[in-house]
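Novice:
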Amino acid sequence: MNKDYIQVKESELENIAKDFSIQLTAFFENNKRACIVFLKGDLGSGKTTFTKKLGKILGINETIISPTFILRKDYGKIIHVDGYRFEKEEEGKSLALDKELNDSGKVVLIEWPERFVEAINLKPDFILEFIYLNDEERNISIKTI
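If you're matching positions, the sequence shown starts at 1 in UniProt numbering and goes up one per residue.
Encoded structure:
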């Protein structure tokens, strides 16, 4: 199911994350592996903020931070990856995601996937695209692959 959210304010992100968590539940009912989610959008478009809201809904009690400088951060059910700093696609291999991809119940959220996923042959189950409109609003598109 594809869905577009128009002129979303940060206060509305939690409801969108709740809607998306329902899609994740359906995914895990039909699949016995990790769910791969690509988060696309410019810097400051809301990818990490959305991840924080989703983490809260999924019961993550840790503070979720942007993994831009550490590349990968694990939070139990969520693995949060950021490829922004990769200069070559092959650098994505350093993330060592192979084991987790077979782990049912894990959600692998990948920011800047276009920078490395082809090198590790990773295909998304969902693509969320965040479009910055202004300091207060974003458009968000959720696509099921």
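In this text, a Cβ means the ideal position worked out from N, Cα and C, and glycines have one as well.
These numbers come from a predicted model, not from an experiment.
For Asp98, which option in Ile70, Ile36, Ile127 has the closest C-alpha, if you only look at C-alpha atoms?
Specialist: That would be Ile36, whose Cα lies nearest to the Cα of Asp98.
Novice: When DSSP builds the beta bridges, which residues end up paired with Tyr84?
Specialist: Per DSSP, none; premise fails for Tyr84.
Novice: Quick one: any contact between the stretch 63-76 and the stretch 24-33, if contact means 3 or more CB pairs under 8 Å?
Specialist: Taking 8 Å as the limit for Cβ pairs, the verdict is that the stretch 24-33 does not touch the stretch 63-76.
Novice: Between which two residues does the beta strand (DSSP E) containing Asn139 stretch?
Specialist: It spans 137-144 - the beta strand (DSSP E) in which Asn139 sits, taken as one unbroken run.
Novice: Fully enclosed by the stretch 9-80, which beta strand (DSSP E) runs are 3 residues long or longer?
Specialist: Runs of the beta strand (DSSP E) inside the stretch 9-80: 35-40, 72-75.
Novice: Can you tell me where the beta strand (DSSP E) with Leu109 in it begins and where it stops?
Specialist: Where Leu109 is concerned, the enclosing beta strand (DSSP E) stretches over 107-111.
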